[in-house]
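Residue numbers (our numbering): -4 to 152.
Glycine included, C-beta positions come from ideal geometry on N, C-alpha and C.
If you're wondering where the values come from, they're calculated on a predicted model, not measured in any experiment.
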Amino acid sequence: MRCMKQSQDGARILIEYCAGALDPMHAAEVERHLESCTDCRALVERQTELWEALDCWKAPQVSADFDARLYARIAREQAAPSWKKWARRIFEPAVPAPFWKPLASLAAAGAVLAIGLMIQTTPHPARTPQVHADQVDIEQVAKALDDLDILAPANSM
Ligand SMILES: [Zn+2]
């Protein structure tokens, strides 16, 4: 028999079985499958534990003046000037904004800028000074070689 957990419908039926929402005929089918399938049996056991834990959970008592304080605060918020409402939205967001997100974009922009500057400052091969052989004066080179001979030690002659 194909495992019920593998199909979306089968998984839904298993959850409904755990919640006690299946009719007796379908519940009997599920129980027959559970006798042979350890995966589905484990899932049903975990789901049953969850339902039992939820049954034991007691919601904390709400204070007697909760409604009155809530409505008073809503009235205060609505009566506040609009600039104050905007300031609260920015500085007191309902969901705390992660501080690192703007820093990450700033770091990425800085990295792009640094790479751009490195590429810009790398000397271009066409701009490097080149020696042109046709501009070298042959007689000047010969004179320089003669000067070197004069500077050389006497015993090398
Ligand atoms: Zn199964």
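In the structure shown, Glu87 adopts coil according to DSSP, grouped into three states.
DSSP places Asp132 outside both helix and strand once states are collapsed to three, so it counts as coil. DSSP places Leu29 in the helix class (H, G or I) of the three-state scheme. For the 8 Å CB-CB criterion, Cys13 and Thr43 form a contact.
Excluding the 5 residues flanking it on each side, Leu9 has same chain C-beta neighbours closer than 8 Å at Met(-1), Lys0, Val25, Cys35, Leu38, Val39 and Gln42, in chain order.
Checking the 7 Å criterion, the Cβ of His21 is out of range of every heavy atom belonging to ligand 1. Between ligand 1 and the CB of Cys(-2), the shortest heavy atom gap is smaller than 7 Å.
Using a cutoff of 7 Å, the CB of Cys32 counts as near ligand 1, since one of the ligand's heavy atoms is closer than that.
Secondary structure of Lys53 (DSSP, three-state): coil. In the structure shown, Arg(-3) adopts coil according to DSSP, grouped into three states.
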